[in-house]
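FYI, in full-length UniProt numbering the residues of the sequence shown are 1 to 108.
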Amino acid sequence: MTITITPAASERMRSFLAGTPSAAGVRFGVKKTGCSGFGYVVDLAQVVGEGDETVEVDGVKLIVDGKSMPLIDGTVIDFQRQGLNASFVFHNPNATGECGCGESFTVG
Numbered sequence: 001m002t003i004t005i006t007p008a009a010s011e012r013m014r015s016f017l018a019g020t021p022s023a024a025g026v027r028f029g030v031k032k033t034g035c036s037g038f039g040y041v042v043d044l045a046q047v048v049g050e051g052d053e054t055v056e057v058d059g060v061k062l063i064v065d066g067k068s069m070p071l072i073d074g075t076v077i078d079f080q081r082q083g084l085n086a087s088f089v090f091h092n093p094n095a096t097g098e099c100g101c102g103e104s105f106t107v108g
């Protein structure tokens, strides 16, 4: 599995992890939601669960559940600031469409 993190995303994730030293890593995956079917999940992971895979990218431990892996393989995670807004941005080669508001995506 290949996931790429831009320097801006890496810096943001390291900042989250520094604030919670007990975290096992950053959880990255998808959940069913929105108009198109799937939404991204980025959060601190307290534990590595059964079926999770740990991938180290640029020194950041990403914890990905097995169900999400085929949907996010090849994704590039970026972090962007636009005015007062800041968010992670995902470039996923598996996504075949997005909803109009950009909150969810379709695969297949």
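We treat Cβ as the ideally placed atom computed from N, Cα and C, and that holds for glycine.
Every value quoted in this text rests on a predicted model; they were computed, and no experiment measured them.
Strand pairing of K67, partner residues [DSSP]: Start at 1 with the first residue of the sequence shown, and residue 67 comes out as number 67. DSSP lists no partner for K67.
Classify T75 as buried or exposed, calling it buried when 16 or more other Cβ atoms lie within 10 Å of its own Cβ. Position 75 of the sequence shown, counted from the start, is the residue given in the question as residue 75. The residue in question, T75, is buried, as its Cβ has 16 or more Cβ neighbours within 10 Å.
Mind checking which residues open and close the beta strand (DSSP E) that includes G97? In the sequence shown, the residue the question calls residue 97 occupies position 97. 95-98 is the extent of the beta strand (DSSP E) around G97.
Anyone know if the C-beta pair for V55 and I3 falls short of 8 Å? In the sequence shown, counting from the first residue as 1, residue 55 sits at position 55. In the sequence shown, counting from the first residue as 1, residue 3 sits at position 3. Yes. Within cutoff.
With a threshold of 16 other CB atoms inside 10 Å of the CB of N85, please say whether the residue is buried or exposed. If you number the sequence shown from 1, residue 85 lands on position 85. Burial call: exposed.
With a CB to CB cut of under 6 Å and the five nearest residues on each side skipped, what residues in its chain are close to M13? Counting from 1 along the sequence shown, the entry for residue 13 is found at position 13. Closer than 6 Å at the Cβ level, and outside the excluded window around M13, lie V26, V60.
When F90, G29, S22 are compared against P70, the one with the closest alpha-carbon: As a first step, residue 70 is located in the sequence shown; it is residue number 70 there, counting from the start. Among F90, G29, S22, the Cα nearest to that of P70 is on G29.
In the DSSP output, what is V57 paired with across the bridge? The residue you call residue 57 lines up with position 57 of the sequence shown. In the DSSP output, where bridge partners are listed per residue, V57 has V60.
Could you check the C-alpha separation between H91 and I77 for me, to the nearest Å? In the sequence shown, counting from the first residue as 1, residue 91 sits at position 91. In the sequence shown, counting from the first residue as 1, residue 77 sits at position 77. So the two alpha carbons sit approximately 7 Å from each other.
Below 6 Å CB to CB, which residues in the same chain sit around V42 once its five sequence neighbours on both sides are set aside? Here the question's residue 42 lines up with position 42 in the sequence shown. Closer than 6 Å at Cβ, skipping near neighbours: F28, F88.
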